[in-house]
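A.B. asks:
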């Protein structure tokens, strides 16, 4: 009987992830502050805490190119960085985040990378192509000009 099996945890259908990360504020020597970060499909919401009342900022993953590990030679911290897309380089800055452990860091990199890919593919998802509308080749049916003679150049027209 199927009912006797232990209940398996259902896979979350939410295309995202939520949890505590330290987020770097400031450009160069910014301080890392604890933030509750929620990734939902193609957007990151940054909250002050878990009650989700104070949303500090929303980041659209469409503006970012990739997410990878941020390695630093002396600090053994589990940092990752969201690299901004070149077309939006002036609008957004790279986002540096820090996880509690390497597993959490890898999970966030994976989730954010998937979110970036979804954001890039969102444009394609919205366009539905009707296959029945096949286009005829425009130039094939066009009338042909007389091929034996080259059209006159300006020098000949002056005479």
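In full-length UniProt numbering, the protein residues as written are 1 to 159.
Built from N, CA and C at the ideal position, the CB exists for glycine as well.
1. For the beta strand (DSSP E) that contains residue 150, what are its first and last residues?
2. Please state whether the Cβ-Cβ distance between residue 115 and residue 39 is less than 8 Å.
3. For residue 100, report the span of its beta strand (DSSP E) as first-last.
4. Taking C-alpha atoms, which residue in 75, 69, 111 and 88 lies nearest to residue 96?
5. Ordered along the chain, which non-local residues of its own chain (more than five positions away) have a Cβ less than 7 Å from that of residue 98?
6. Please give me, in chain order, every unbroken run of the beta strand (DSSP E) with length at least 3 that falls completely inside the UniProt domain "PH" (14 to 117).
7. Can you tell me which of 155, 17, 35 and 150 puts its alpha carbon nearest to the alpha carbon of residue 50?
8. Give me the Cα-Cα distance between residue 67 and residue 60, rounded to the nearest whole angstrom.
9. With C-beta atoms as the reference, is residue 121 less than 8 Å away from residue 92?
10. Decide if residue 109 is buried, meaning its Cβ has at least 16 other Cβ atoms within 10 Å, or exposed.
11. So, for residue 94: in the same chain, excluding its five sequence neighbours on each side, which residues have a beta-carbon less than 7 Å away from its beta-carbon?
12. Between the alpha carbons of residue 162 and residue 73, how many angstroms are there, rounded?
13. Less than 8 Å between C-beta atoms, sequence neighbours within five positions excluded: which residues of the same chain meet that for residue 65?
14. Residue 16: buried (16+ other C-beta within 10 angstroms of its C-beta) or exposed?
C.D. replies: The relevant details are as follows:
1. For residue 150, there is no enclosing beta strand (DSSP E), as DSSP gives it neither H nor E.
2. In contact: residue 115 and residue 39 (Cβ atoms closer than 8 Å).
3. Taken as a continuous stretch (DSSP letters only), residue 100 belongs to no beta strand (DSSP E), as it is neither H nor E.
4. Ranked by how close their Cα comes to the Cα of residue 96, the residues 75, 69, 111 and 88 have 69 in first place.
5. Excluding five sequence positions before and after residue 98, the CB atoms of its chain that fall closer than 7 Å to its own CB belong to 21, 22, 32, 77, 78 and 79, given in chain order.
6. Runs found: 16 to 25, 31 to 40, 43 to 47, 55 to 60, 64 to 69, 78 to 84 and 95 to 99.
7. Measuring from the Cα of residue 50, the nearest candidate turns out to be 35.
8. The alpha-carbon atoms of residue 67 and residue 60 are separated by roughly 13 Å.
9. In terms of Cβ geometry, residue 121 and residue 92 do not form a close pair [threshold 8 Å].
10. Counting every other CB atom within 10 Å of its CB across the protein chains shown gives residue 109 a total of 16 or more, marking it as buried.
11. Non-local beta-carbon contacts of residue 94 in its own chain, meaning distances under 7 Å to residues more than five positions away in sequence, involve 81, 82, 83 and 84 in chain order.
12. No answer is possible for residue 162: it lies beyond the span of the chain, which begins at 1 and ends at 159.
13. Cβ neighbours of residue 65 within its own chain (closer than 8 Å, five residues either side excluded): 83, 84, 85, 86 and 116.
14. In this structure residue 16 is buried. Its beta-carbon is surrounded by 16 or more other beta-carbon atoms within 10 angstroms.
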